[in-house]
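So that you can map any letter, position 113 of the first sequence is 264 in the working numbering, and since no number is skipped, the others follow by simple counting.
Ideal Cβ placement from N, Cα and C applies to all residues, glycine included.
Right, one structure below, let's go through it.
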Amino acid sequence: MKDEIDQEEVAKRRGIYFPAFSIYGGSSGLFDYGPYGSLIKDNIQNIWKEMIFSEGPVAMLDSPALTLQNVLKASGHYDRFFDYSVQCKSCNTKFRADDIVESLGLKVILDRDYLNNIIREKGIKCPKCGGEFDDVRIHKLMFQVDQGENMDPLFLRPETAQGIFVNFKEFYRFFREKLPFAVIQIGRGYRNEISPRRGLYRLREFNMMECEVFLDPKDEKWVKEPYDDIKIHYLTNKDEDLFMTPKEAYEKGIIKSQPLAYFTGFAFKFYSRIGLDVNKIRFRQHKKEDLSHYSSDTWDAEALTDIGWIEITGIAHRGTYDVGRHIEYSARDLYAQRLVEPHKEKKIELEPNFKEIKRDFGDKAGEIIKAINNGNSTVFLNNKQISLEKYIIRKEVEVTVDRESFVPIVVEPSFGLDRIIYALLDHNFDKREENGYVYLKIPPQVAPFIAGVYPLFPKEDLEKVAKDIYQKLLNDGFKVIYDDSGSIGKRYARYDEVGVPFGITVDYDTLKDSTVTIRFRDTTEQIRVSINDLTSKLRELLWTGKKN
RNA sequence: GCGAGUGUAGUGUAGCGGUAGCACAGAAGCUUCCCAAGCUUCUAACCCGGGUUCGAAUCCCGGCACUCGCACCA
């Protein structure tokens, strides 16, 4: 974007996006997408969805934003629910309270009173200036929703991914128990950011398009090979700038995981299709010390904008963490299975000794049998602890084993829709050299309307034909807009600014020979086509965006 | 959350104790055979709440928002 174009000013003025609830003063980190912006957002989502469905076995989920506490305990988000901070009274530097305590080798308990006390007792001072600390403050990082007394609160999800992980078994069945497959979800996430700023960059409620790829750790491959027809800028954790295809990156071991390499290519193709300037896109590898504890490798797609390189997508190798944690916390069988060479294995089977149980327990026998089947070694009955050992018959049996269970690993490409829109506008707002007018050169498929229909002058005969054409194009399924106010130049300029790529103008020749002009947003050139050919021409332009 | 600064029509701004002016955008019309032209008319604002004052957009306090630093940041 040219420096002089203020994205937020145009976005606000033209109804692309603007601060939400502004008549009441607004609230930081919340934005509305207006009449043009919401259409652009919708188009981007649909392109993403359409593209990713064509990448292989992909299914979609739509899960609630309100999330059970236990889900977030399992995911680890709950432990990060509170951020404990202390501030130095003299130099105002702020620290994580738990970090300060930990750095002195003291035990950390995530409790406000505990942290407060230990800082007071041990007389911990600011490491920077030696000043005294303020009281420990708590910042909630997730939004909590109360259900009522005596009920656990719900939380607004900080990411859509957990909805997918908890449903792993559902999708495993859907794909008839074969890996790999991917599950996508487009939806909103919520994070109580400490200081949401810079417009769409950091929001409290944000849109994401997430994809969770489930893989067998022994066969960690997506169904398609990494692309070799695109060159991508990779910035490694050793600060090397490399330019190569995803295929090369994988083969040379720059990206060790095949699906990770594959999805950098997918992301790149997606950016290119929606109109991001791919020369301003790079994939930056997280440094070892920045990696989440469960991730072995993460590559963030970043876009260069007026506020610098911003993260627009995270592609993370999450290992077995997600499904593993839900197995642990829910005690459900969320394992996948793989076929192995059939072989015999010796196995001890436990069988209740029905005769003895019946003799000793009579009509309570049922409870004993149940306990044994549950694998218990003792049972509490008639106020007595009873050892079950003597009621169990152990049999050694040989079974044929032809499959084994494992926890699937996850590779997660997670696209931040709002940031993508920010970067898209940044890359595509441009000024005409001759007059300084702003136009938004986004691809026709992303544009809020494919075309505007305009009578050259607000004359009844021209208006009537223009309205007929407008209605015809609507009936043919195009998103078009009609405008007859002001001069023709004004209308062109008006829709250039929100990215409408084509202007269809009805003039006096139209009345004679049933042709109209199509005017191109990016070049301001015009061609003349017959009204009868408009539908096919627009359909063609929707894909090519070019004149011929 | 801290520090500093800033909030005036849709947007950009002027006014800084006497109840708001300009430009662009917007609406209606005239005019124009294609790029925000011109003319006429019109619509439209002092972020919110308190206080001081005869009188507050203007001074003071509190909130909210934005900008820049700091901090935070899967």
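Residue ranges of uninterrupted beta strand (DSSP E) with 3 or more members, entirely inside the segment 173 to 251 and ordered along the chain, are 182 to 184, 209 to 211, 217 to 219, 233 to 238, 245 to 247. From the listed residues Pro564, Leu292, Leu386, Pro397, the smallest Cα separation to Pro377 is found for Pro397. Taking a cut-off of 8 Å on C-beta distances, the segment 552 to 570 touches the segment 491 to 504, as three or more cross pairs fall below it.
Here His384 is bridged, per DSSP, to Phe394. With respect to the 8 Å criterion, Pro304 and Gln313 are not classified as neighbours on the basis of their beta carbons. The segment 440 to 455 and the segment 508 to 520 do not touch, with fewer than 3 CB-CB distances between them shorter than 8 Å.
Between the segment 421 to 438 and the segment 570 to 584, the count of C-beta pairs closer than 8 Å reaches three or more; the two stretches touch.
For the pair Asp448 and Arg476, the Cα-to-Cα distance works out to about 19 Å.
Sixteen is the threshold: when 16 or more other Cβ atoms of the shown chains lie within 10 Å of the Cβ of Ala574, as they do, the residue is buried. Taking 4 residues as the minimum length, the alpha helix (DSSP H) runs contained wholly in the segment 582 to 658 are 611 to 626, 639 to 647, in order along the chain. With three or more CB-CB distances shorter than 8 Å, the segment 431 to 448 counts as touching the segment 403 to 415. Within its own chain, the residues whose Cβ lies closer than 7 Å to the Cβ of Trp373, once the five positions on either side in sequence are excluded, are Gly207, Pro331, Val364, Gln409, Pro410, Tyr413, listed in chain order.
Going by beta carbons, Gln336 and Asp213 fall inside the 8 Å limit. Less than 8 Å separates the beta-carbon of Gln677 from that of Thr668. DSSP, read as helix, strand or coil, puts Trp450 in strand. Non-local C-beta neighbours of Gln238 in its own chain, meaning closer than 8 Å and more than five positions away in sequence, comprise Thr244, Lys245, Phe246, Phe284, Asp285, Arg288, ordered along the chain. The Cβ atoms of Gly180 and Pro368 lie no closer than 8 Å to each other. A residue is called buried once 16 or more other Cβ atoms fall within 10 Å of its Cβ, and Lys192 is buried on that count. For His468, the enclosing beta strand (DSSP E) starts and ends at 459 to 470. Bounds of the alpha helix (DSSP H) holding Tyr422 are 409 to 425. Annotation for Val550: the continuous beta strand (DSSP E) segment containing it runs 543 to 557. Looking only at Pro564, Arg545, Pro652, the smallest Cα-Cα distance to Glu310 is reached by Pro564. Going by beta carbons, Ile543 and Pro503 fall inside the 8 Å limit.
Secondary structure of His444 (DSSP, three-state): coil. Within the same chain, Ile639 come within 8 Å of Phe608 by CB-CB distance, once the 5 residues on both sides are set aside. Taken atom to atom, the span from the alpha-carbon of Gly465 to that of Cys362 is near 11 Å.
The C-alpha of Gly227 is placed about 22 Å away from the C-alpha of Ile251. Apart from the 5 residues on each side of it in sequence, Tyr633 sits with its Cβ closer than 8 Å to the Cβ of Gly603, Val604, Tyr605, Ala617, Lys618, Tyr621 in its chain, given in chain order. Closest by C-alpha distance to Asp511, out of Asn533, Ile499, Asp457, is Asn533.
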